[in-house]
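In my numbering, the protein residues as written are 3 to 335. Heads up, the beta-carbon is just placed ideally off N, CA and C, and yes, glycines get one too.
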């Protein structure tokens, strides 16, 4: 079996590093220096500095070569570049090859999840083997061997079990799931909520505020995901609450870092300019809000994050708007 991971950012590299000792694994990197670092030095100093990668992992900048003959494709490029990369690789992808997305975003304009983008680019592909790997998975901790768990959501049971067997290890527990819609929608929404959590931290608020925010964020995540067709059981699980808690609490989260900077009063452009990786929530918030309108779902936290990101509203004003909303029943809204 040969696995190809498309995208050598922090999470793509972490996933490739997990499976490389078990199956032949190639990772595609956009930049030659990153590919050389991985192949020659067993490092990705750009995205995972200071961490060793398995010597079995090889890297290339030739996308066609990386995809040719792959038995499984794992796509870990940001949502805004997902379609173009897949279009470039499409002629080399047989219609029955399992494709797993690592990207937690919404495509601008189409409002498609990444598995929908995959099916759109590859209309003849078996949709039952197109899925997503998602959960509370911070790349540095995974590469460092810290215990963690994830979900592989694929409709085809046999494919799910096969992938589970490859990705699962003594410190990485993998669960299978058939709810692709819920798992993906949760992943996109949690990035928006992580920005909100970061803003709260940047403003100096404590544990009560964070607990309140995460709890209400889970409500919004569940509302939208269920309206889109997701299984309600997904959202208290790893793809929902698990990922939400990890991302809203972690200084390793790019979205959280953006929120902290905003909460401290910094300009969004300045914050983004200092980062070498994409914070999906900055772009996905617009898509999540468009989906909430499309499905008639109330998402007040996401709405306020959007006002801060796109309308220049201060985090102080956004918090004020949230706290002074009309009093309601907890289960009613």
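*Give, in chain order, every unbroken run of the alpha helix (DSSP H) that is at least 4 residues long and sits entirely within the stretch 179 to 242.*
Runs found: 182 to 204, 209 to 229.
_In DSSP terms, what residue 26 is bridged to_ = Taking the chain shown and counting its residues from 1, the one referred to as residue 26 is at position 24. Its beta-bridge partners are 4.
*Which of the three DSSP states, helix, strand or coil, is assigned to residue 115?*
Working through the chain shown from its first residue, we reach residue 115 at position 113. Here residue 115 sits in coil by DSSP.
*Buried or exposed: where does residue 181 fall if 16 or more other Cβ atoms within 10 Å of its Cβ makes it buried?*
The count along the chain shown starts at 1 and reaches residue 181 at position 179. Its Cβ being crowded by 16 or more others within 10 Å, residue 181 is buried.
*Measure the alpha-carbon distance for residue 301 versus residue 199 and round it to whole angstroms.*
The residue given as residue 301 occupies position 299 in the chain shown. The residue given as residue 199 occupies position 197 in the chain shown. Each residue's Cα considered, the two are about 15 Å apart.
*DSSP three-state call for residue 102: helix, strand or coil?*
Taking the first residue of the chain shown as 1, we reach residue 102 at position 100. In this structure, residue 102 counts as strand in the three-state DSSP scheme.
*asked:* Here's the rule I'm using: 16 or more other beta-carbon atoms within 10 Å means buried, otherwise exposed. How should residue 179 be labelled?
replied: In the chain shown, counting from the first residue as 1, residue 179 sits at position 177. Buried: at least 16 other Cβ atoms inside 10 Å.
_Relative to the C-alpha of residue 177, which candidate in 260, 166, 171 has its C-alpha closest?_
For the purposes of this step, residue 177 is taken as the residue at position 175 of the chain shown. Residue 166 is the option with its Cα nearest to residue 177.
*Residue of 298, 280, 125, 275 minimising C-alpha distance to residue 254*: Looking up residue 254 in the chain shown gives position 252. Considering only alpha carbons, the answer is 280.
*9 Å Cβ cutoff met for residue 61 and residue 41*: Locating residue 61 in the chain shown gives position 59, where the first residue counts as 1. Locating residue 41 in the chain shown gives position 39, where the first residue counts as 1. With contacts defined as CB atoms closer than 9 Å, residue 61 and residue 41 qualify as a contacting pair.
*When you compare only the Cα positions, how much space is there between residue 37 and residue 110?*
Start at 1 with the first residue of the chain shown, and residue 37 comes out as number 35. Start at 1 with the first residue of the chain shown, and residue 110 comes out as number 108. Straight-line Cα distance between these residues: approximately 29 Å.
*asked:* Our contact map puts residue 139 next to residue 152 with C-beta atoms below 8 Å; I'd like the distance itself, whole angstroms only.
replied: Mapped onto the chain shown, residue 139 falls at position 137. Mapped onto the chain shown, residue 152 falls at position 150. Sure, about 5 Å apart at Cβ, within 8 Å.
*Three-state secondary structure (DSSP) at residue 156?*
Against the chain shown, residue 156 aligns to sequence position 154. Correct three-state label for residue 156: coil.
*Helix, strand or coil: which one does DSSP assign to residue 177?*
By one-based count along the chain shown, residue 177 stands at place 175. Reduced to three states, the DSSP call for residue 177 is strand.
*Spatial neighbours of residue 29 within its chain, please: CB distance less than 7 Å, with the 5 preceding and 5 following residues excluded, ordered by chain position.*
Walking along the chain shown from the start, residue 29 turns up at place 27. Cβ within range, chain order: 7, 10, 14, 15, 18, 40, 59, 61.
*Count the other CB atoms within 10 Å of the CB of residue 252; is the residue buried (16 or more) or exposed (fewer)?*
Against the chain shown, residue 252 aligns to sequence position 250. Taking all protein chains in view, the Cβ of residue 252 is crowded by 16 or more other Cβ atoms within 10 Å, so the residue is classified as buried.
*Classification of residue 131 by the beta-carbon crowding that lies within 10 angstroms, buried from 16 upward*: For the purposes of this step, residue 131 is identified with residue 129 of the chain shown, where counting begins at 1. That one is buried.
*Quick one: what does DSSP say residue 132 is sitting in, helix, strand or coil?*
Position 130 of the chain shown, counted from the start, is the residue given in the question as residue 132. The answer is strand: DSSP assigns residue 132 an E or B state.
_Taking the alpha-carbon of residue 192 as reference, which of 108, 53, 246, 144 has the nearest alpha-carbon?_
One-based indexing of the chain shown puts residue 192 at position 190. Taking only the C-alpha atoms, the option nearest residue 192 is 246.
*Opposite residue 47 in the DSSP bridges: which residues?*
Reading the chain shown from its first residue, position 45 is the one you call residue 47. Looking at the DSSP output, residue 47 bridges to nothing.
*What does DSSP give as the partner residues of residue 75 in its beta bridges?*
Translated into the one-based positions of the chain shown, residue 75 becomes position 73. Bridge partners of residue 75: 6, 101.
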